[in-house]
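First comes the structure, then the notes that go with it.
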Amino acid sequence: MTVSATVPVRRRSPGLSRLILGLAALIDLARRLGPRIGDLSRVDRIVIHTSHHTHHVIGTGANDPQKLDPKASRETLDHSIMYIFAVALEDGGWHHERSYAPERANRPETVALWHKITTVEDPEWTRRYHARDPREKAFGGRVAVTLRDGRVIEDELALADAHPDGTRPFVRENYVQKFLTLSDGIIATAEQHRFLDAVQGLHDLPAGRLTSVEMFREVRARLPGVKLLANMTEFGRTPALTAEEFQELGYDMVIWPVSSLRVANKAQERLYAALARDGATTAMLPEMQTPGRALRRDRAQCLRGAGPIHRPQRAARAGRKRLPLRRSIRQQLRGDMPAARKGPDLQSRR
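Residue numbers (the working numbering): 227 to 576.
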């Protein structure tokens, strides 16, 4: 069984999720504008009026020349609404792989159109971007397309068509097709359908209400052969089962994704309370991890053949000698090598 008690991974921020919603809305707007524009060579300029966040993160407000560079990485193109809007205008849509391909980004006509697109911040779209009222919420923008003959074509879209409040909200069949598209070439067709069959009955399960051991056992019984992960949290109605108890119930993995964060937050509360009370952090010193303790921990892990500096060499299983690097690390930690070599060598393995 796999057990995780700490999760040092970066969670997707609300801002990034909103950007994705904005991208989806503007892609749909490009699909809608394309037929109205017709011949894209007639375009003189395109201005996207949008929120502060969209303008400054994925728009021309970022002042990032790579967002206009056809040789930029996929990760950069993914954060260039100018590129994405240009491709969506030309292709009538967006593909999660083909639209990022170098040969796609380097088409001369695409680059020409791409470089005609700019973004500007619109206070009204910024207000709606942060609106608490779901009826006002908006992530897209307004687009003004100026043609060479002076005519202006304008349109706006607040939410992507597939958004629950959009014009064509996704239904189950759409999500199934999206899963098949995104997993194509990654997992076998038989495995795709095995997964879909396994989750077909999930809507009958009491989502978020697994409040007893019997309910966990029922989920296991309904999904035979499927690897199950128990996502545990504190302060809820789910019983506080141990990893061994989950294993006995037939679960393959269990994680406590926010436990370390909650403990750290509580420690921060005590720290700031002491700082406000005493004007210093002296009272908190016994609760702090010293640099020396952290170094000793790393050294101990290294000597055990685990941890951030070194992991056991699998070559030893095949009867081969351990790599010299392992011995050199041991020598460094014991002080058998010149001090001048400790820093760079250890740093390179962290």
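Each residue gets a CB set at the ideal place from its N, CA and C atoms; glycine is no exception. All figures in this text were calculated on a predicted structure; none of them were measured in a lab.
Residue range of the beta strand (DSSP E) that residue 455 falls in?
Numbered from its first residue, the sequence shown carries residue 455 at position 229. Element bounds for residue 455: 455-457.
Taking only the alpha-carbon atoms, compute the straight-line gap between residue 410 and residue 305 and give it to the nearest angstrom.
Here residue 410 corresponds to residue number 184 of the sequence shown, with the count starting at 1. Here residue 305 corresponds to residue number 79 of the sequence shown, with the count starting at 1. So the alpha carbons of these two residues sit roughly 24 Å apart.
Contact check, residue 269 vs residue 370 under 8 Å by CB: the rounded distance?
Counting from one through the sequence shown, the residue named residue 269 turns up at place 43. Counting from one through the sequence shown, the residue named residue 370 turns up at place 144. Under the criterion of beta carbons closer than 8 Å, residue 269 and residue 370 do not qualify as touching, at roughly 11 Å.
Thinking C-beta only, is residue 460 closer than 8 Å to residue 485?
Residue numbering aside, residue 485 sits at position 259 when the sequence shown is read from its first letter. Residue numbering aside, residue 460 sits at position 234 when the sequence shown is read from its first letter. Taking 8 Å as the Cβ cut-off, residue 485 and residue 460 qualify as a contacting pair.
Taking only runs of the alpha helix (DSSP H) that begin and end inside the region 262-295, which ones reach a length of at least 4 residues, in chain order?
278-283
Identify whether residue 344 lies in helix, strand or coil by the three-state DSSP scheme.
Taking the first residue of the sequence shown as position 1, residue 344 is located at position 118. Residue state, collapsed to three classes: strand.
By Cβ distance, which residues of its chain are closer than 8 Å to residue 352, with the 5 residues on each side in sequence left out?
Translated into the one-based positions of the sequence shown, residue 352 becomes position 126. For residue 352, where only same-chain residues beyond five positions count, the Cβ hits under 8 Å are 277, 278 and 279.
Measure the alpha-carbon distance for residue 245 versus residue 314 and round it to whole angstroms.
Sequence index remark: in the sequence shown, residue 245 carries index 19 (1-based). Sequence index remark: in the sequence shown, residue 314 carries index 88 (1-based). Their Cα atoms are separated by approximately 17 Å.
Any idea what DSSP makes of residue 636, helix, strand or coil?
Outside the displayed range of the chain (227 to 576) lies residue 636, so it cannot be described from this structure.
Going by C-alpha distance, which of 323, 320, 312 and 355 is nearest residue 335?
Residue 335 sits at position 109 when you count from the first residue of the sequence shown. Of the candidates 323, 320, 312 and 355, the one whose C-alpha sits nearest the C-alpha of residue 335 is 312.
Using the rule of at least 16 other Cβ atoms within 10 Å of the residue's Cβ for burial, across every protein chain shown, is residue 325 buried or exposed?
Position 99 of the sequence shown, counted from the first residue, corresponds to residue 325. Buried, by the Cβ-count rule.
Can you say whether residue 535 is buried or exposed, counting buried as having 16 or more other CB atoms within 10 angstroms of its CB?
Along the sequence shown, one-based indexing puts residue 535 at 309. Low confidence applies to residue 535: its pLDDT is 40, below 50, so where it sits in the model is not reliable enough to give any reading.
Going along the chain, which residues of its own chain have a beta-carbon closer than 8 Å to the beta-carbon of residue 320, five neighbours each way excluded?
Mapped onto the sequence shown, residue 320 falls at position 94. The residues are 253, 310, 313 and 314.
What did DSSP end up calling residue 501 once you bin it into helix, strand or coil?
As a working note, residue 501 is residue 275 in the sequence shown. Here residue 501 sits in helix by DSSP.
Could you check the C-alpha separation between residue 299 and residue 439 for me, to the nearest Å?
Numbered from 1 along the sequence shown, position 73 holds the residue referred to as residue 299. Numbered from 1 along the sequence shown, position 213 holds the residue referred to as residue 439. Each residue's alpha carbon lies about 48 Å from the other.
Three-state secondary structure (DSSP) at residue 372?
Position 146 of the sequence shown, counted from the first residue, corresponds to residue 372. Residue 372 falls in the strand class under three-state DSSP.
Do the region 400-416 and the region 285-298 touch if we need at least three Cβ pairs shorter than 8 Å?
No: fewer than three Cβ pairs fall under 8 Å.
Unbroken beta strand (DSSP E) run spanning residue 379, endpoints
By 1-based counting over the sequence shown, the position of residue 379 is 153. 378-383 is the span of the beta strand (DSSP E), which, as asked, contains residue 379.
Starting from residue 481, follow the beta strand (DSSP E) in both directions and report where the run begins and ends.
In the sequence shown, the residue the question calls residue 481 occupies position 255. Segment 479-481, the beta strand (DSSP E) holding residue 481.
Spatial distance of residue 441 from residue 481 (CA atoms):
Numbered from 1 along the sequence shown, position 215 holds the residue referred to as residue 441. Numbered from 1 along the sequence shown, position 255 holds the residue referred to as residue 481. The alpha-carbon atoms of residue 441 and residue 481 are separated by roughly 18 Å.
Limits of the unbroken alpha helix (DSSP H) element including residue 418
On the sequence shown, residue 418 is found 192 positions in, with the first residue counted as 1. Element bounds for residue 418: 415-425.
Are the beta-carbon atoms belonging to residue 281 and residue 350 less than 8 Å from one another?
The sequence position of residue 281 within the sequence shown is 55, counting from 1. The sequence position of residue 350 within the sequence shown is 124, counting from 1. No. Outside cutoff.
Output needed for residue 256: all residues of its chain with C-beta closer than 6 Å, excluding positions within five of it in sequence on either side, in chain order.
Position 30 of the sequence shown, counted from the first residue, corresponds to residue 256. In the same chain as residue 256, and ignoring 5 residues on each side of it, the C-beta atoms closer than 6 Å to its own belong to 311, 314 and 315, in chain order.
How should residue 284 be labelled, buried or exposed, when 16 other C-beta atoms within 10 angstroms of its C-beta is the threshold for buried?
The count along the sequence shown starts at 1 and reaches residue 284 at position 58. Result: buried.
Sequence-distant residues of the same chain with beta carbon closer than 7 Å to residue 307, five excluded per side:
Working through the sequence shown from its first residue, we reach residue 307 at position 81. A distance below 7 Å between beta-carbons, with the five flanking residues on each side excluded, links residue 307 to the following residues of its chain, in chain order: 249, 252, 274, 280, 284, 285 and 345.
Grouping DSSP H, G and I as helix and E and B as strand, with all else coil, what is residue 317?
Against the sequence shown, residue 317 aligns to sequence position 91. In this structure, residue 317 counts as helix in the three-state DSSP scheme.
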